[in-house]
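So the structure is just underneath, and the comments pick up after that.
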Amino acid sequence: MSIDLYKVRQGKILSGVLAGLAHKLGWEAWVTRAIFIAGLLLGRSFLLLVALYVVAAYFLPFKEDRDAERYGTGPRKIKDAEKINKSWFR
Numbered sequence: 000m001s002i003d004l005y006k007v008r009q010g011k012i013l014s015g016v017l018a019g020l021a022h023k024l025g026w027e028a029w030v031t032r033a034i035f036i037a038g039l040l041l042g043r044s045f046l047l048l049v050a051l052y053v054v055a056a057y058f059l060p061f062k063e064d065r066d067a068e069r070y071g072t073g074p075r076k077i078k079d080a081e082k083i084n085k086s087w088f089r
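Quick note on numbering that gives the first Met the number 0: the sequence shown kicks off at 0 and runs consecutively.
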C-alpha cells in the first residue's frame, strides 16, 4: 500500500503541499491550512511541523508533473514527431 502524496500548482500559496494534501483527502484547501496553522499555534510541535512541511515541499512531486510522466500528457519530443511526407509540398 503506497500513500502516493503530491503537491499541486493550482491553488497553492507557498509550495502546494497543503493544497495537495487537501486534494488527496477530498477536502477544501482552507481546512488543511486551518488545521496546520492551529497545530503551529496550539501545539508543542512547532519545529516538527515546520520541518515536515519543508521536507515535503522539497521531496514531493507536483501532481501535474507526475501525471504527465505517467500518462504521457506532456509536450511531444521532436524524436516522437511524425515525419513529413515531402511529396505533399510539391
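We put the CB at the ideal spot given by N, CA and C, even for glycine.
{"Item": "Asp64: first and last residue of the uninterrupted alpha helix (DSSP H) it sits in", "Value": "Lys62 to Tyr70"}
{"Item": "Segment contact flag, the stretch 37 to 48 with the stretch 21 to 28, C-beta cutoff 8 Å, min 3 pairs", "Value": "no"}
{"Item": "Pick from Lys23, Gly42, Thr31 and Ile2 that is closest to Ile12, judged by C-alpha positions", "Value": "Thr31"}
{"Item": "Whether Val16 touches Ala50 by CB criterion (7 Å)", "Value": "no"}
{"Item": "Nearest-angstrom Cα separation, counted from Ile2 out to Glu68", "Value": "18 Å"}
{"Item": "Sequence-distant residues of its chain with Cβ nearer than 8 Å to Leu48 (five each side left out)", "Value": "Phe35, Gly38, Leu39 and Gly42"}
{"Item": "Where the alpha helix (DSSP H) containing Tyr52 begins and where it ends", "Value": "Phe45 to Phe58"}
{"Item": "Local Cβ density within 10 Å of Ala33, reported as buried at 16 or more and exposed below that", "Value": "exposed"}
{"Item": "Cβ-based neighbour list, Ser14, same chain, cut-off 7 Å, excluding 5 preceding and 5 following", "Value": "Lys6 and Ala56"}
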